[in-house]
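Residue numbers (my numbering): 31 to 251.
Data block below; observations after.
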Amino acid sequence: MSPDAAPFRIAPTGLLLVLSGPSGTGKTSLARALVRADPALGHARSVTTREPRSGAGEEHYDHVDREEFLAMADAGEFAQWIHPSYDEYYGTLRTPLEKALAEGQDLVFDYCPEGYLNLRRFFPERTVGVFVMAPSVDLMDQRLAGRGSEDGEERELRHAMALRDFNFVDQHDYHVVNDDFDHALVTLQAIRRAEKARLSRQRPVLDVYARYAEPALLRYY
């Protein structure tokens, strides 16, 4: 259908959907499920200095050493980067995000709140934040232990970081409790659809309406 035949259907703008929250809440699994359900949705890659882990999800990481990471940061290559622990850095390259947004592609991220807030500062009009939480702190800790990717000391650090993350819940646009994975997934899909339809993301369509509109006086009763 040509644009002239459907003037009110405008080209979509790209959206950065960030699933934010502590470790052990299922945000990474939800991000993967969103992409499986809609292959047009991209899963943003991260650059990190941490050691590679076994299992799913590593395909979304590029591993570099500390010196290379800091050189990239100094060169302004990251849209956002964080330093959550002594030997770990995480960052998201700026150029792929700008390219995706220019092409109208949506991207999903799984971040800690600090990463989300940094990205929102860089792309304030395009970033939507969803704080994902387990039903309880105890269940969050159980899920983290079940991953088997951290030792006891690392899990204690993740727990302490999670409690600090709670300070930033009100900086997000939405809140989803992941007690039923399928329901949480459907909720996230609905959030994405609603945000795509938000009029503030479709400003060019107002010019189309203006061409058709007749003068009107708004009366209040």
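C-beta: ideal position from N, C-alpha, C; glycine also.
- prompt: Based on the DSSP output, what are the partners of Gly134 in its beta bridges?
  reply: BP columns for Gly134 are empty, so no partner.
Whether Leu123 touches Phe108 by CB criterion (8 Å): yes
query: Which residue or residues does DSSP assign as beta-bridge partners of His202?
result: Answer is none; His202 lacks a bridge partner.
Contacting residues, own chain, Cβ-Cβ under 8 Å from Arg75 (five flanking each side not counted): Correct list, in chain order: His90, Tyr91, Asp92, Thr122, Leu123 and Pro126.
task: Would you check if there are 3 or more beta carbon pairs closer than 8 Å linking the segment 57-74 to the segment 110-121?
output: no
- prompt: Comparing alpha-carbon positions, which option in Ala220, Ala192, Ala130 and Leu247 lies nearest Thr43?
  reply: Ala130
- prompt: Of all the beta strand (DSSP E) runs that stay within the bounds of the segment 180-242, which reach a length of 3 or more residues?
  reply: 204-207
query: Closest by CA to Phe139, which one among Val65, Phe198, Val199 and Ala164?
result: Val65
- request: Kindly indicate which three-state DSSP category Glu159 falls into: helix, strand or coil?
  value: Glu is not the amino acid found at residue 159; the sequence shown has Gly there. If DSSP states are grouped into helix, strand and coil, Gly159 belongs with the strands.
message: If you reduce the DSSP assignment to three classes, tell me which class Ala92 lands in.
response: Reading off the sequence, residue 92 comes out as Asp, not Ala. Strand, per DSSP.
field: Other residues of its chain near Tyr120: CB distance less than 6 Å, five sequence neighbours each side excluded
entry: Ser76, Thr78 and Ile112
query: Using DSSP with H/G/I as helix, E/B as strand and the rest coil, what is Asp104?
result: DSSP places Asp104 in helix when its eight states are reduced to three.
message: Report the CB separation of Gly145 from Gln110 in whole angstroms; it is logged as a contact under 8 Å.
response: 6 Å
message: What would DSSP say about Asp68, mapped onto helix, strand or coil?
response: coil
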